[in-house]
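Student: Supplied in structure tokens, the structure appears directly below.
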Amino acid sequence: MLEFQKQILTEIVTEDGLLIISPGLGLFQIVCSLVQIYTGGNHLVLLINSTKEQDELIQEQLAAHGVPFEHGLRRIEYNTPAEKRSSMYRESGIFSVTSRILAVDMLLNRLPVTLVNGVIVHNAHRVRPNSMEELILRIYREHNKEGFLKALTDKPDAFSSGFAPLQSMMKSLFLRKTHLWPRFQVTVTENLAQSDGHVVELRQPMTEAMETIQQNLVQCMEETLQELRRANPTLDFEDFTIENSFFKSFDALVRRQLDPIWHRVSAGSKQLVGDLKVLRQLLSYLTTYDCVSFYSFIETIIAANTSIENKQVKQSQWLFLESGSKAIQTARKRVYVKYGDPEYDSIEATQQHPDIPSHIKLVLEEQPKWDLLKDILKEIEHESLGLEQGEGASVLIMVSERRTCSQLKDYITRFQQESPFLDKIAHNFFRWRALMHRMQHNQTEQIKTNQPPSQASAYRGRPPPNKRRRMRGGSMAASGPDRSQTLAETFKDDVIDTLSVLDTNDPEEDEDETAFQGVGPLTDAYEIKASNDDILPSFEEIPKTSLITIQCYEDDISHQILEDTQPRFIIMFDPHPAFIRQVEVYRALHPSIEIKVYFMLYENSVEEQNYLSLIKKEKESFERLIHEKSIMTIPLPEQRKVQEELIVRNNTRIAGGQEIKVSEGPATVIVDLREFRSSLPPILYAEGIQIVPCTLQVGDYILSPDMCVERKSIADLIQSFSSGRLYTQCESMSLYYTMPILLIEFDQNKSFSLQAVSEMKENIRMTDLSSKLVMLALAFPKLRIIWSSSPHETAKIFSELKKTEKEPNAETATAIGAEGTENGDTVYNMTPQEILRSMPGVTSANYKLIMNQVKDLEELLHLSKRKIQGIIGEELGNKLYNFIHKK
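For the sequence shown, UniProt numbering gives the first residue as 1, with consecutive numbering after it.
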């Protein structure tokens, strides 16, 4: 470790706090070292908020440092039985536990919280108020004041939005100390400046066509932003700039502004918001993907905006702008020109292929970086000749996309050929487009004739069996229920599906042709078909100096990639600020190794703008954090108020007051385990209500022996109506509880409205959500519906409802409905069941006996007294028989 990393580790071990470090400065190594400290001795340490992949990497690092498995990090997941989890906790060790499981184990006392030595919060930037992580830390600090608490993150930009984000995070983490380590910190700068390396910055100009597309797409974004401002003049658009719109966070920024009034936002404005997202993605794809893939994405957008017979589609406005049309035409001409284009005569005729129309000539413009990469590798080959014998020249190429890995491997191994894989992608593209057009034509003809498709036409309209491509526009799939989704919501899936089609191997290709997939050393890209005579008697390790390795940027393992490959030359095909720091750290750790770095960047491009803006945003984020740290109020430990009043008085305004009810203990709510995915359980606990996790067959929350609540968000409500699940749930609640409640809970950051104004129609239909709610209320007269604007409001409603009610019993609540699950193949009609259970002599313990032995109510009416008594007993049978035959 470098000196600044040792200093960080000393700080975080000595004093509890939140560590915020610049990306690329070795946070993963610090986490591994911190975990390793507690591997010795009899410690019980919990690592939370860590992904499965990160846990596996930590386990590998600990094993590499000689830590035995039983003393290393062990992961506890949903498939680990409760008894085993409890046993593992009591044996001590270091455990990475998923947040939901750990919260349940703490609430059920499976984990001895007082015996926990400490908690390490990984990826602290993901912790949100009212999250499971906050609930875990709240329980931990309530029952354990002595254990340590460390939180670590390398995402300073996560603290750059909102009011006092650092103070809010410190409150959620129950911490009071912050450790800030930016790249410009003095110790960091001195450590990394000791070993200066050779960096070659290559600013590659884009082609004229790429520049034209970029300029026109940016112009479309500007026009879309202006239209959005005009349509919503009351909103604060200070941060709605072109520079900010290049980042993914811009989508969240726009939604944060519009969500509170989303129900009043017009359909046109919603379309503009989606268009901004699609345009931003297209700008990114321009420099990332080849010309054929990029144009296929545009074809997907055009298909999604195409109306067919009797089906109108809300079309994106930027497609009708002059700049939009120019961008589309230029993107097409990068792939092919057709007869009538000014460039047609100047392009040489291409070899005809059955899938390519005769009036088309392929252009297949290569990405400029590919040719530049070829020159760099030739330069490296020339320089490696001057190295001493045995040193070699290992090369590491880093890219941002896995598909780029595959394409570069194909390109590097075929320097002498003219874009062979572009030819393959182009043939797949024209085959896919022909299928699209044929299917759209068939669909239009079927609509005109109003006839169902024949088996043959239906088969022709389908995608290949091994593909999951969603056909847009006039396809059958597009006209189905999924059509309600906007292009912005499905565009990323469409891109993945399109790439899967373009990368399909042509069955007529020569068998020696290999489609390169995956990542890793270039030598691993070949499929070797060897006979028994070709198998070597022994295996030898390929020297690292003989490899060209192509890898994707992955923050947690990039440092390990450098250690494993030990490259002499590093080519950064795509810019990545965090990896630059990792190379600096690697140089400082290995000053004896001479490393030459080639940094490739498209000049005057959105790629360059994004890179510079990322560095600027990180610097501004740390400056804001430093300022907020100097002025913020240090949060004090929050004391939870437990609701355990021994005497609970009823409303004294009713008839001079009613009897005084003595409470049975703290206010308790029984919560279904599935509800721990929501934010309501942590809020209830923070309000002083004791929550008991259970597996409930009926309801989500049990407030009292008579009161059961089924909670639904708006999205879940719509889905439950569509599947019919809500009707079944209301049946069960009405059967077992005297006061069944349907809670409709809204997001506190969104509008408190069931339907948007733009979605309301003059004629109310039975398929409307409001109509379904009315029908549900008519079907279940006992059902009560509660509307809640947020989870915080729900917690207040629960507290009010419980004031005059008895506390529920967990064993009873768990048993309700459980007997019905023993025989899952048996289905009963709920209405006769309710009539049966209302009869004298029929109880919750014996009604199943009657239902299993009697076909229906009519048969029950004709049974003799002796037979009824034989089923449910003499006394109860006598009551039931007398009730049935009473005159």
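Beta carbons are placed, not taken as given, at the ideal position from N, Cα and C, and that holds for glycine.
Could you tell me which residues DSSP puts in a beta bridge with Pro693?
Tutor: DSSP output for Pro693 lists Val671 as bridge partner(s).
Student: Could you name the residues that DSSP lists as bridge partners for Met572?
Tutor: Looking at the DSSP assignment, Met572 forms a beta bridge with Met398, Phe599.
Student: Which term fits Ala124, buried or exposed, when burial requires 16 or more other beta carbons within 10 angstroms of its beta carbon?
Tutor: Ala124 is buried by the Cβ-count criterion.
Student: Assign Leu861 to buried or exposed, taking buried as 16 or more other Cβ atoms, counted over all protein chains shown, within 10 Å of its Cβ.
Tutor: Per the 10 Å Cβ criterion, exposed.
Student: Confirm the yes/no value for this check: CB of Asn428, any heavy atom of the ligand GTP, distance under 7 Å.
Tutor: With respect to the ligand GTP, the structure offers nothing, as it holds no ligand at all.
Student: Work out the CA separation of Phe320 and Tyr344 for me, nearest whole Å.
Tutor: Computed Cα separation, rounded: 25 Å.
Student: In whole angstroms, what is the alpha-carbon distance linking Pro832 and Pro81?
Tutor: Computed Cα separation, rounded: 39 Å.
Student: Between which two residues does the alpha helix (DSSP H) carrying Leu57 extend?
Tutor: Residues 52 to 64.
Student: Using DSSP with H/G/I as helix, E/B as strand and the rest coil, what is Gln274?
Tutor: The sequence as given places Gly at residue 274; Gln does not occur at that position. Three-state result, Gly274: helix.
Student: Helix, strand or coil, according to DSSP, for Pro182 in the structure here?
Tutor: Pro182: coil per DSSP, three-state reduction.
Student: Quick check on the burial criterion: 16 or more other C-beta atoms within 10 angstroms. Buried or exposed for Gln407?
Tutor: Buried.
Student: Please report the distance separating the alpha-carbon of Ile872 from that of Lys855.
Tutor: When rounded, the distance between both Cα atoms is 16 Å.
Student: Skipping 5 residues on each side, what residues in its chain have a beta carbon closer than 6 Å to that of Leu258?
Tutor: These residues qualify, in order along the chain: Val265.
Student: What is the DSSP secondary structure of Arg469, reduced to helix, strand or coil?
Tutor: Legend: pLDDT at Arg469 = 36, less than 50; position of this residue unreliable, value from coordinates given subsequently. Coil, per DSSP.
Student: Could you check the C-alpha separation between Leu612 and Ala151 for me, to the nearest Å?
Tutor: Cα to Cα, Leu612 sits roughly 29 Å from Ala151.
Student: From Gly41 to Met106, what distance separates their C-alpha atoms?
Tutor: Those two C-alpha atoms are separated by around 23 Å.
Student: Using 8 Å for Cβ pairs, my map puts Gly197 next to Arg677. What's the rounded Cβ distance?
Tutor: Contact doesn't hold; Cβ gap of about 47 Å is too wide.
Student: I need the straight-line Cα distance from residue 961 to Glu875, nearest angstrom please.
Tutor: Absent from the structure is residue 961, since the part of the chain shown begins at 1 and ends at 887.
Student: With distances taken Cα to Cα, identify the nearest neighbour of Ile816 among Asp672, His885, Ile689, Asn144.
Tutor: It is Asp672 whose Cα lies nearest to the Cα of Ile816.
Student: Taking the runs of the alpha helix (DSSP H) that are 4 residues or longer, which of them lie wholly in the stretch 65 to 143?
Tutor: Runs of the alpha helix (DSSP H) inside the stretch 65 to 143: 82 to 91, 99 to 107, 132 to 143.
Student: Using three-state DSSP, classify Glu710 as helix, strand or coil.
Tutor: Glu710: strand per DSSP, three-state reduction.
Student: Give me the Cβ distance between residue 896 and Glu805, rounded to the nearest whole Å; I'm assuming they're in contact under 8 Å.
Tutor: There is no way to answer for residue 896, as the model of the chain reaches only from 1 to 887.
Student: Please check the pair Leu173 and Val121, which I expect to be a contact at CB under 8 Å, by giving their CB distance rounded to whole angstroms.
Tutor: Between Val121 and Leu173 the Cβ distance is about 7 Å, and since that is below 8 Å, they are a contact.
Student: CB Gly93 to CB Leu44, shorter than 8 Å?
Tutor: Contact flag set, yes.
Student: Which value, in whole angstroms, describes the spacing of the CA atoms of Pro577 and Pro342?
Tutor: Looking at the two C-alpha atoms, the distance is approximately 42 Å.
Student: Determine the contact status of Lys177 and Asp16, defining contact as a CB-CB distance below 8 Å.
Tutor: Against a cut-off of 8 Å, the Cβ pair of Asp16 and Lys177 comes out as a contact.
Student: Given Val104, which residues of its chain have a CB within under 7 Å of its CB, disregarding the five upstream and five downstream residues?
Tutor: Counting only Cβ-Cβ distances below 7 Å, and skipping sequence neighbours, we find Leu673, Phe676, Pro693.
Student: Going by C-alpha to C-alpha distance, which of Glu366, Gln226, Gly340 sits closest to Ser293?
Tutor: Checked all of Glu366, Gln226, Gly340; the closest Cα to Ser293 is Glu366.
Student: For Ile48, name the three-state secondary structure that DSSP assigns.
Tutor: Note: Ile48 maps to strand in three-state DSSP.
Student: For Ser325, does the count of other Cβ atoms within 10 angstroms reach 16, so buried, or fall short, so exposed?
Tutor: Ser325 comes out exposed.
Student: Considering only the beta carbon of each residue, do Ile376 and Val363 sit closer than 8 Å?
Tutor: Taking 8 Å as the Cβ cut-off, Ile376 and Val363 do not qualify as a contacting pair.
Student: Report the partner residues of Val337 according to the DSSP bridge assignment.
Tutor: The partner list for Val337 (beta bridge, DSSP) reads Lys361.
Student: Around the Cβ of Trp787, are there at least 16 other Cβ atoms within 10 angstroms (buried) or fewer (exposed)?
Tutor: Looking at its Cβ environment, which holds fewer than 16 other Cβ atoms inside 10 Å, Trp787 is exposed.
Student: Which word fits Ile595, buried or exposed, when buried means at least 16 other C-beta atoms lie within 10 angstroms of its C-beta?
Tutor: Buried is the call here.
Student: Rounding to the nearest angstrom, what Cα-Cα distance links Cys405 and Glu53 in this structure?
Tutor: Roughly 21 Å between the two C-alpha positions.
Student: Assign Phe28 to one of two classes, buried (16 or more other C-beta atoms within 10 Å of its C-beta) or exposed (fewer than that).
Tutor: Buried, by the Cβ-count rule.
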